[in-house]
Structure formats: structure tokens, C-alpha cells
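Read through the structure below, which is laid out as C-alpha cells, and then see the notes.
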Amino acid sequence: MPRLHRLLCPRCGVGPFKKESSLLKHMNQPYSQCASLTYVPPPPKAAASNATAPQPSLPSRDDDMDINYADHPIDHDPDPDPISPVEENSTPASRFDHFPQTSQIFGQAKSFMDLFDEDENAEEREEHLYHPWASKGNHGLEAWLLRSGLSMQAIDEFLTLELIKTLPISFKSAKGLRAYAEELPPGPQWTCQPWPVKYPTKRPVSLFYRDSLSCVRSLFSNPLFSDNMYYTPFRKFKTAEKLVRVYNEWMSGDVAWNMQLPKGSTLIGTILSSDKTNISMMTGDRMAHPVLISLANISATLRTKSSHHAFLLLALLPIPKFLEKQKTACGIMGDRLIHECLDSVLEPLKLAVQVGIMMSDPLGQKRFCFTPLAAYMVDTQEAVMLATVAGKTSHVTLADYKKFGDPFRHPPCTASITLAQRRAIRQEVGDDKDLLVYYREAMKFRLNGVEFPFWRDWAGAEPSKFLTPEPLHHWHKAFWDHDAKWCICAVGADEIDFRFTLIPRRVGFRYFKEGISQLKQVSGRKHRDVERYIIPIISDSVPRRFTIAIRAMMDFRYLAQAPKIDDIDCTHITASLNEFHQHKQAILDEGARVGKGNRPIENWYIPKLEMLHSVVLNIRDNRSAAQFSADITEHGHVTLVKDPARNGNNQNYEAQIVRALDRSDKLRRFDLATSI
3 MPRLHRLLCP RCGVGPFKKE SSLLKHMNQP YSQCASLTYV PPPPKAAASN
53 ATAPQPSLPS RDDDMDINYA DHPIDHDPDP DPISPVEENS TPASRFDHFP
103 QTSQIFGQAK SFMDLFDEDE NAEEREEHLY HPWASKGNHG LEAWLLRSGL
153 SMQAIDEFLT LELIKTLPIS FKSAKGLRAY AEELPPGPQW TCQPWPVKYP
203 TKRPVSLFYR DSLSCVRSLF SNPLFSDNMY YTPFRKFKTA EKLVRVYNEW
253 MSGDVAWNMQ LPKGSTLIGT ILSSDKTNIS MMTGDRMAHP VLISLANISA
303 TLRTKSSHHA FLLLALLPIP KFLEKQKTAC GIMGDRLIHE CLDSVLEPLK
353 LAVQVGIMMS DPLGQKRFCF TPLAAYMVDT QEAVMLATVA GKTSHVTLAD
403 YKKFGDPFRH PPCTASITLA QRRAIRQEVG DDKDLLVYYR EAMKFRLNGV
453 EFPFWRDWAG AEPSKFLTPE PLHHWHKAFW DHDAKWCICA VGADEIDFRF
503 TLIPRRVGFR YFKEGISQLK QVSGRKHRDV ERYIIPIISD SVPRRFTIAI
553 RAMMDFRYLA QAPKIDDIDC THITASLNEF HQHKQAILDE GARVGKGNRP
603 IENWYIPKLE MLHSVVLNIR DNRSAAQFSA DITEHGHVTL VKDPARNGNN
653 QNYEAQIVRA LDRSDKLRRF DLATSI
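All residue numbers for the sequence shown refer to our numbering, where the first residue is 3 and numbers rise by one.
Encoded structure:
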């Protein structure tokens, strides 16, 4: 169809545009390529043909490989100029700095399908794809029954229905159904290891875990992630002038860029997450301590969606009940046990980051990989335990509780400082094995009773860097625990509830018909909903400086949760935090910060407030904090731990959890292999 108009941009040559207004909108976009590039007209070319471009050849193992979109999908986020399409012939200057020692391919390796076809039933599947089931329909019914959460008795009752008996089903009972599932090709295998404990416990302690390197291999070779996997660090800028840097992936941060690795190697950033969770419905006092693992190389947009299963359950840490009566000693023993278990489970990754290891990527290509610790997603309480610092102490800086309200960031608490203090403590204590003696000496350095942190021999591991800000707990829950309580106290519970009830109902926004002062078991979703309304609710009931302080914190949370942040945004985030510190005294003057018995508190001993000073630095190191939110891992606790445990018989729930996860993993891998 002939084009009616041929309006080209006089600056960058993009077009054609159908009308002049579209051209003007394009030229007026402040963040478009047109605003920063000088267009050099390309030489005239012949009419476009249907011939396809030749495929690039693979480099040899001694040559550098230029970053291309197959190895470096850095343009998943759309450019901020969505109005006009970019002409195919235009060649804009690059907005990226590619790491000079790019990831290289060292031949072919066993792909996901190669490993899938190595099991004992591979020959049968060549003739019948859905072996061991009779048909695709049989497999679909079996998969639904296993994933439904039905008990074995309920499945047996379902299979005895007259209508179901008339169907050509290859299994006749729940036991036979699970037997078929056990024949599927497995993923990373589970291991149960009795764990020797130096102190008496009520029951024997066992550690359920999977090989950490096998889990990393499984994630790195997953073909579903082939178009969403980063292999080489890069630096992204807002324009081709490279004045404003953009942080949208872990590979775009300073930590990945500054790592010194052998030429042609691939950086595999490891993400861990752990948290104690209650798996009892009403009674039973049953808890689990799952450890999840993922890769920072996977695109954050994909990794943060639970449907992609980018997080795997790595281990179930034991939660023993010690016979020791002193609570302090029990806490020290529990913390030491966690670090000992993590030290053992993560040992293969520590070795891989020192010497490197060959792995297969999603395309079945062999890469020389190193596995540093990129992030550990935890709440504040567990972060303090993992950093091995004492309570009322920052886990990322050298600040103690009396300095939490300072308007500046204190020096970071580095691994070298902590380990040097640990050595000094041991020299002072000598050969004394008494836990309380060691603990009392450690408290002089504001450290806890853990002598050997799990990260001590993980090359490049810095607690001040891998213990990243976590939006769900550090921002939104902190808002409910502090900001919302200040507002309720300043405005009055009855008045603020009345104001919330006056908000008109609107689709997409939560309506609080009874207010917020009496809410119980408030989730992260409700935290965000209250944040939307809080500023206009309090605006005319509190002093102006009080409103400015609360609004500054709202601005901080809103800006810092963006999935893509640039240097200008970092400046605004820092300015918002500084503005809060300038006006925070108004909150104390109003008597809004109160403790037990509504007694006024005249200090700012809030750990999460001190943590906010590290947000901008962590964004530049590891990318925006939104990718490290615990929303995805909290959901993983439900699907990976709570649901399998509650579908069991309440006996030996750890073993039942890992068996259920093993079957689910086999089904998921089978579905993927049969759909490729």
C-alpha cells in the first residue's frame, strides 16, 4: 500500500510519520534518542529484499565475543519513546558499555533435552512421547490429580467413581499414580543428612537439602529462560552521551562490573532467601526454615513472577528444641546451627567461585562459570543473625542503635572487619568452649555468639552488599509499624477511621469501611493500600512539617520501588530521605511516637530507618531493590512448603515436603520437555 506521507525527523531520520503532529510529538520527547543524537544520513540503499541475514558464527575459545542480543538481552524494557517506531536503517549510537572481557562459549554441552533423554525410559519415549502413561489425556489427568492437593484417600475415591472407571486410565489407585510419577526423569535430588549437634536436643536433628551446584545448573540450563538470561556485565545509560546511568538488572550494577574474572568467563550471581514460617493451621507448633535459591542472571521481570518457578527450594534448615534452660544459650546454639548448615549446603558454590566450573546455558552451550553471592533476601531479624552482629546494631554499617536516627550513612560493616573481630575474640577467650563466655566477649564488639559465619570463605561475599534492602519488610511493613502509627496517634484513632470511611469507593482501590486503627494481621497488600491515602487523610489535621516528613517517606518508598532507576532518580530518593530528616522533629514534637502505655519516645532507635541510608548505594551496586522484594519468596513458602506439608499426614513433614516437591519438579520438567 503506498504511503500517503513521508515526514521524516530532520534530526534523527526516524519515520515516516503520517501527520505532522506525530512528528512534533516525537521531536518533543525529552528522553528520546532524537533529543541527544545527531543524525547522520545513511548512504542510499537498494529496496529491501526478502533475503535473510547470515547467522553469526560462533567464536573460538581464544577469541573475544562481542555482546549480541542472544547473549545479552538488555533491551527487554521498552525505550521511553513509544510514539514513533525506529527505522530499520537508522544506526543510533550505543547507550551501553559492554564489559571488555565478555562471556565466551567453549563448545557444546549437554542441554536440558539431552539430560532429559538420558534416563532409563528414553527409548520408550521415542515411540510413545507420554510414556509411562497411555496417552496425553492420561498424563493431563494424572498431573491434575497430583497437583490438586487431594489426599491419597480422596484420589482413590475419585478413581472408584463409575464414570471414571469407564475411561481408559492407566492407573487404578493413588499409589499407582505416584509410582508412575516416580518413573519420570528427575531434577536435583534431595538428601537427608543426620546432623551432629554438640548440645542435647529433644529429637534427633536432620538436614534436608539439595546439591546447591545442581540447583544452579538446573536454573542456568532451563530453556524457558533462554531469552531472559544475562551472561556479561554491562552499564546502561539513558542517552548515548552516557551522562545518566540506568540500573535495571543485577548485571547493570557496580558489583557485577567490578568483579575480576578470567577472560571469557561467565558470572552467575547467586540469590538466596530464607525465613522461618509457620506451617500449622491452628495448633501443632510446627515451623519450617526454608532456603530458596535463584540466579541474578535471570531477568528481574521474569524472576519475580512465581509462575516461572525461578526460585528453587534448596534446603530445609533444622529447628531443634534444645534442652538447655537458658534462653541466651539456646539462641546462640540455634544461630550457630544455621550457619553450620548453610556452610555445608553452600560449599559447592564457594568452590565454584574460586576455581570456576563448566555449565550448560539454556541453549546447550558450554560456559566457564563463577558463582558469587549476589544477594540474600531476608527480613531485618534474620539479616542481623546472618551478619553475626548483636541486636540493636546495624547489619550493614557500623552504627549502633543510638545512631539509627542520624541523617547520614555510617561506614559499612565489611567482612574483613567482622572476621578480624572474631579472631580477636577467640584469642581473648582461648580454648574455653563455654558459649556464654564467648558471647560476653563478642558483645564488647557488638557481635553475636556465632564464631564461624557461613560467608567467611565465600570469595567476594560482603554482608553490607549481599544483604540487600527488602521492600516488603524494610519499607511497607516499616510504614505500618511506624508511619501509620504516628499518623493514628497524631490525628486520633476515631478521626482517622472516620476519614477513611469517607473515601469514595473506586474500582481498583481498597475501601476501608471501618477505618485502619483496628486492623489485624495486615498484609503487604494492605500496607500499600493505606500508603495511597495517608497523605490527604492527615494533611489538615497535623502541623505542616509533620505532613512534609510523612510525605517525604512516601516519596522515598514510591521512587525506590521502581523496577528501573537512573542516577537522577537516585538523587531524588536521597533528597526525599534528607527531607524527612530535616522535618522528623515535628513527629516527636507532636508526641506521635509512643511506646508501651502510650509513653512518648524521644529518640529514633529504629533499625529500618538506618537501613534506608543504604538503599541508593545498593541500587548502584545491585540494581533497584524491587527485584529483591520478599513478595515472591513469601509466595514460595506457601507453594513450596506450606501446601505440601498441610496435604500430608502431620508426621515427618520435612520428608513429605521434599517428596511432594520432587514429584512436582518431575512433572514440571516432563511438561516442559514434551512441549518443546
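Glycine is no exception: its CB is placed at the ideal position from the N, C-alpha and C atoms.
Asked                                                                                                            : Found
Three-way DSSP call (helix, strand, coil) for I107 in this model                                                 : coil
Alpha helix (DSSP H) runs contained entirely in the segment 313-368, provided each spans 4 or more residues      : 329-347 and 349-357
Selection from A242, M379, T416 and A377 that minimises the alpha carbon distance to S396                        : T416
Cross-strand partners of M379 (DSSP beta bridge)                                                                 : S275
First and last residue of the uninterrupted beta strand (DSSP E) at M289                                         : M289 to L297
Contact check, P374 vs T272, beta carbons under 8 Å                                                              : yes
Endpoints, the alpha helix (DSSP H) within which Y535 is located                                                 : G526 to I540
N-terminal and C-terminal residue of the alpha helix (DSSP H) that Q587 is part of                               : Q587 to D591
Local Cβ density within 10 Å of T162, reported as buried at 16 or more and exposed below that                    : exposed
Those runs of the alpha helix (DSSP H) which lie wholly inside the segment 543-596 and span at least 4 residues  : 546-562, 569-585 and 587-591
Which of helix, strand or coil DSSP assigns to I281                                                              : coil
Close Cβ partners of I567 (< 7 Å) along its chain, the five nearest in sequence each way excluded                : Y249, I621 and S626
Which listed residue (L421, V452, N230 and S228) has its alpha carbon closest to that of C343                    : V452
Segments assigned alpha helix (DSSP H), at least 4 residues, entirely inside the segment 178-209                 : none
Close-in-space but distant-in-sequence residues of the same chain around A392 (CB under 7 Å, 5 per side omitted) : M445, R448, L449 and N450
CB of W197 within 8 Å of CB of P350, strictly                                                                    : no
Nearest-angstrom Cβ-Cβ length linking L314 and S220, presumed shorter than 8 Å                                   : 7 Å
Cβ contact (3+ pairs, closer than 8 Å) linking the segment 623-642 and the segment 431-443                       : no
Between the CA atoms of V16 and T549 - distance to the nearest angstrom                                          : 46 Å
For Y655, the first and last residue of its enclosing alpha helix (DSSP H)                                       : Y655 to S677
Distance, G255 Cα to L614 Cα                                                                                     : 19 Å
Among D381, I157, L179 and S362, nearest to D116 - alpha-carbon criterion                                        : S362
S208 vs C194 beta-carbon contact at 8 Å                                                                          : yes
Which listed residue (E612, E472 and P188) has its alpha carbon closest to that of L579                          : E612
Through-space distance from T573 to K240, alpha-carbon basis                                                     : 15 Å
Within 8 Å, strictly: CB atoms of W192 and V660                                                                  : yes
The segment 551-565 in contact with the segment 471-484 per 3-pair CB rule at 8 Å                                : yes
Reduced DSSP category for H475 - H, G, I as helix; E, B as strand; rest coil                                     : helix
Cα-Cα separation between Y211 and N224, rounded to whole angstroms                                               : 21 Å
V452, enclosing alpha helix (DSSP H) - first and last residue                                                    : Where V452 is concerned, there is no enclosing alpha helix (DSSP H), given that its DSSP letter is neither H nor E.
Candidates F173, I270, K244 and A594, of which the one nearest S105 by Cα                                        : I270
As assigned by DSSP and simplified to three states, the class of H639                                            : helix
Cα-Cα separation, D542 to I536                                                                                   : 12 Å
Extent of the continuous alpha helix (DSSP H) run through Y607                                                   : Neither: Y607 is in no alpha helix (DSSP H) and is coded neither H nor E.
Test item: CB-CB of V544 and V493 under 8 Å                                                                      : yes
Proximity winner among S275, K467, K323 and D434, relative to D287 (alpha-carbon distances)                      : K323
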